[in-house]
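**Student:** To start, I am sharing the structure in question, which I have written as structure tokens.
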Amino acid sequence: MNKRELEIKVPVLARVEGEGSLELLIEGEELREAKLSIFEPPRLFEKFLEGRHYTEVPDLVARICGICPVAYQMSAVHALEGLFDTRISEWIRAMRRVYYCGEWIESHALHIHLLALPDFLGYQSAPEMAKDHPLAVKRGLRIQALGNDLIKLFGGRSVNPVGAEVGGFSGAPTKKEVNTLYSRLDQCIDESAELLEWLLTFSLPESNQDFPGVSLRHEYEYPMNEGRLASSDGLNIPVDAFENHFVERQVPHSTAFQCYRDDKAYLVGPLARCVLNSQHLNKQVKTILDAAKLKLNVGNSYHSLIARAMEILHAASEAKDLLRNYVKPNTTREKIITKAGVAIAATEAPRGTLWHRYEIDADGLVCKARIVPPTSQNQARIEADLRHALTTLGLYRPEEELRFQAEQIIRNYDPCISCATHFLDLRVNRQ
Amino acid sequence: MSRVLILGIGSDHGDDSLGWEALRRLRKKIGNGQEIEFVECDASILNCNEKISQSAKLVLIDAIANNGEAGEIYRFDLHSELSAHTRIKGSMSSHGLNVLDSVRVLIVLGLLPKESTLWGIEPGPMEPNTEISSRVLKSVERLVQTIFDELVVNPVNS
């Protein structure tokens, strides 16, 4: 039997988003192994958090990811406020959604324009694509910049923002600052709609794999900070029951855990959110999608490109609605009364459900922390998708073609910025 | 709009934090009022694309893995080096292709300031949540002085 071994590696990275590698073992026409290894930095932070005061947690966890710090902050503050029985004001609740909208917009715009689109349009890199599509890339950067500015409005800065606190925000923007940004939202909404319409003209590959999507689901709004955990195959549980259904496993080929739901791989992220919460999407998003006659399918990971654009438009529109009658409040945070216990929450990071659990003592110190990020939840799903996609493509294909297909699949999940932006370094050993 | 934008790129992984450390020292040394803005960032420098495009001069500071001795200092003019595809090839930065690909996108879109310089230091150990090594720290001090001289003491072309 002909046996060839393909070892595909992402170069070693020194970034918190970590390193990844892919190993394929092909024997004859059979793909024997597809092992994706992703280094997961949150494991380091969990230990790092022990002994820290709860007030330090939002700023510390924001450092876990340079692209989605808001998500880490939001899961942390909601977990801790849940334990402390803190009732936040409507203003805090609304502005946290605006803050989160900013992160969805910047993260999705970055992924679409610089990571995913070069693949769909057949370019080897983002700079090459930018030469032929400068207006589209500039539009993407404008959308991304607005997302960053929304984060900065409440976080003080878009990189490692610091404004979020347990109980609220450390401060509030002035009416003038909000108005300046508000006046740019119309253009962002128009450009986001153009982006979605443009992407819907693409011919997306067909795929219909059988696996569930998982996300938060909320009674009356598109989920960000609150809701129950739901799946496309009928799961509907409170977030504190997560550990009863979801299990992280260590696998020999990876330093990261892989998370399974009742022994099954599953998908988290914008596609799962859109499918599970379509009734709460902005009307303009639905109208554009209906006009294109595309039915989103959680079994086709290529649809995540569309889902990201849908969420950009949704988030820009929601931010505008929430800021329309902005008034700077007298107080931006609630009083906190600490108590010992277990704090649990999940929110929807750009890449999917981000679950946090903290054990807090009577002094408000963290005794134990557990963070389950979207990337570890999608990791088993990515491996399964790779098996399916490469087998469908044909394992006899040239190594370069297999490599490109593998890269595209991995990037499509937006697993983390460092993995998703690096070309895989293909090494081939033939026997 | 600042005349000069200095971006310190880094992470908290040992010597990979040298961009942040250099930025902190430069901020302290230069102070306010020089039309110089200091921004700490990670590899996603396109998050700062508006600031970059509105600046007259850009200074990037990052760890650069170039198979050299730890502590070795590098200086690249981004327009000439990246356009010529000469000295900077592939993923020399410890952040892989992120920073250079981002710079290339900015060049293609005409958003990179005419005067754009990448300063770097060859890193040593880059383990998560560790301190910067003493060897690289010495180079950081030299680098800070060099950039200070170029920007403040003896500014050229600005």
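Line order of the protein sequences matches chains S and X. Just so you know, we're using my numbering here: the first sequence kicks off at 113 and counts up by one. Just so you know, we're using my numbering here: the second sequence kicks off at -9 and counts up by one. No residue lacks a Cβ here, since even glycine has one placed at the ideal position from N, Cα and C. As the structure is a prediction and not an experimental result, all values here were calculated from the model.
#1: If contact means a Cβ-Cβ distance below 7 angstroms, which residues of the region 127 to 148 of chain X contact chain S?
#2: Chain S beta carbons: is any one of them nearer than 8 angstroms to that of X/S123?
#3: Mind listing which residues of the region 222 to 247 of chain S have their C-beta closer than 8 angstroms to chain X's C-betas, in chain order?
#4: DSSP on S/T450, reduced to helix/strand/coil?
#5: Which two residues bound the contiguous beta strand (DSSP E) that contains X/D67?
#6: Which first and last residues belong to the alpha helix (DSSP H) in which S/T399 is found?
#7: What residues of chain S sit near X/D67, judged by a beta carbon separation below 7 angstroms?
#8: Below 8 angstroms CB to CB, which residues in the same chain sit around X/K79 once its five sequence neighbours on both sides are set aside?
#9: Report the CB separation of S/A404 from S/L297 in whole angstroms; it is logged as a contact under 8 angstroms.
#10: Kindly indicate the opening and closing residues of the beta strand (DSSP E) around S/Q362.
#11: Taking the straight line between their C-alpha atoms, what separation do you get for S/L383 and S/A221?
#12: What residues of chain X sit near S/V271, judged by a beta carbon separation below 9 angstroms?
#13: Since X/V98 contacts S/A242 with CB under 8 angstroms, what's their CB separation in whole angstroms?
#14: Which residues does DSSP list as the beta-bridge partners of S/W467?
#15: So for X/S84, helix, strand or coil by DSSP?
#16: Do the region 263 to 277 of chain S and the region 120 to 128 of chain X make contact, defined as three or more Cβ pairs closer than 8 angstroms?
#17: X/A53 to X/I111, Cα distance in whole Å?
#18: Using a 10 Å radius around the Cβ and a threshold of 16 neighbouring Cβ atoms, would you call X/K41 buried or exposed?
#19: Taking just the CA atoms, how far does S/R205 sit from S/R445?
#20: Mind reading off the beta-carbon distance from S/V326 to S/Y294? Whole number of angstroms is fine, and I expect it under 8 angstroms.
#21: Here's the rule I'm using: 16 or more other beta-carbon atoms within 10 Å means buried, otherwise exposed. How should X/K47 be labelled?
#22: In chain order, what are the residue ranges of uninterrupted alpha helix (DSSP H) at least 4 long that sit wholly in the region 6 to 54 of chain X?
#23: I need the straight-line Cα distance from X/N22 to X/F28, nearest angstrom please.
#24: Chain X beta carbons: is any one of them nearer than 8 angstroms to that of S/G325?
#25: Quick one: which residues of the region 260 to 287 of chain S get their C-beta closer than 8 angstroms to a C-beta of chain X? List them in chain order.
#26: Compare the C-beta of S/I179 with all C-beta atoms of chain X and state if any pair is closer than 8 angstroms.
#27: For the beta strand (DSSP E) containing S/C371, list its first residue and its last residue.
#28: Does the region 450 to 466 of chain S touch the region 171 to 183 of chain S, meaning 3 or more C-beta pairs lie closer than 8 angstroms?
#29: Mark S/R329 as exposed unless 16 or more other C-beta atoms lie within 10 angstroms of its C-beta, in which case mark it buried.
#30: Between S/E162 and S/K480, which are expected to be in contact by the criterion C-beta below 8 angstroms, what is the C-beta distance as a whole number of angstroms?
#31: If you compare alpha carbons, which of S/N490, S/F516, S/L227 and S/Q491 is closest to S/L502?
#32: Which residues in the same chain as S/E277 place their Cβ atom closer than 8 angstroms to its Cβ, once the five residues preceding and following it in sequence are excluded?
#33: Taking the continuous beta strand (DSSP E) assigned at X/E105, which residues delimit it?
#34: Go ahead and pull the three-state DSSP assignment for X/H3.
#35: Would you list, in sequence order, the uninterrupted beta strand (DSSP E) runs of no fewer than 3 residues that lie entirely inside the region 239 to 314 of chain S?
**Tutor:** Concretely, from the data shown:
#1: Result list empty, no residue passes.
#2: Taking 8 angstroms as the CB threshold, X/S123 stays off the interface with chain S.
#3: For the region 222 to 247 of chain S, which is checked against every Cβ of chain X, the residues closer than 8 angstroms are L222, L226, S237, A238, P239, A242, K243 and P246.
#4: Here S/T450 carries a coil assignment [DSSP, helix/strand/coil].
#5: For X/D67, the enclosing beta strand (DSSP E) stretches over residues I63 to D67.
#6: K395 to A404 is the extent of the alpha helix (DSSP H) around S/T399.
#7: Within chain S, no residue comes near X/D67; the closest Cβ sits about 18 angstroms away, beyond 7 angstroms.
#8: Any reading at X/K79 needs caution, since the residue's pLDDT is 44, under 50, leaving its predicted position unreliable; the model's value is listed next. The beta carbon of X/K79 lies closer than 8 angstroms to none in the same chain, with the five residues before and after it left out.
#9: With a Cβ gap of about 24 angstroms, S/A404 and S/L297 do not count as contacting.
#10: Run containing S/Q362: F358 to Q362, per the beta strand (DSSP E) assignment.
#11: Roughly 15 angstroms between the two C-alpha positions.
#12: The contacting residues are V29, E30, C31, D32, S34, N37 and C38.
#13: Correct: roughly 4 angstroms between the Cβ atoms.
#14: DSSP lists S/A458 and S/V484 as partners of S/W467.
#15: No answer about X/S84 holds up, because its pLDDT of 39 lies below 50 and its placement is not dependable.
#16: By the Cβ rule, the region 263 to 277 of chain S does not count as touching the region 120 to 128 of chain X, because fewer than three pairs are nearer than 8 angstroms.
#17: Cα to Cα, X/A53 sits roughly 5 angstroms from X/I111.
#18: With 16 or more other Cβ atoms within 10 Å, it is buried.
#19: Just so you know, the alpha carbons of S/R445 and S/R205 end up roughly 11 angstroms apart.
#20: Not confirmed; about 34 angstroms, so no contact.
#21: Under this definition X/K47 is a buried residue.
#22: Correct list: 8 to 20 and 39 to 43.
#23: Cα-Cα distance, rounded: 10 angstroms.
#24: For S/G325, no CB of chain X lies under 8 angstroms from its own CB, so it is not counted at the interface with that chain.
#25: Cβ contacts with chain X come from N260, S270, V271 and N272.
#26: The beta carbon of S/I179 falls within 8 angstroms of a beta carbon belonging to chain X, placing the residue at that interface.
#27: For S/C371, the uninterrupted beta strand (DSSP E) segment begins and ends at F369 to R373.
#28: Because the criterion of three Cβ pairs below 8 angstroms is met, the region 171 to 183 of chain S and the region 450 to 466 of chain S touch.
#29: Buried.
#30: With 8 angstroms as the limit, S/E162 and S/K480 qualify as a contact, their Cβ atoms being about 7 angstroms apart.
#31: Checking every option, the nearest Cα to that of S/L502 belongs to S/F516.
#32: Result list for S/E277: T167, P170, V189 and R445, in chain order.
#33: Boundaries of the beta strand (DSSP E) around X/E105: E105 to I111.
#34: If DSSP states are grouped into helix, strand and coil, X/H3 belongs with the strands.
#35: If you keep only unbroken beta strand (DSSP E) runs of at least 3 residues inside the region 239 to 314 of chain S, you get nothing at all.
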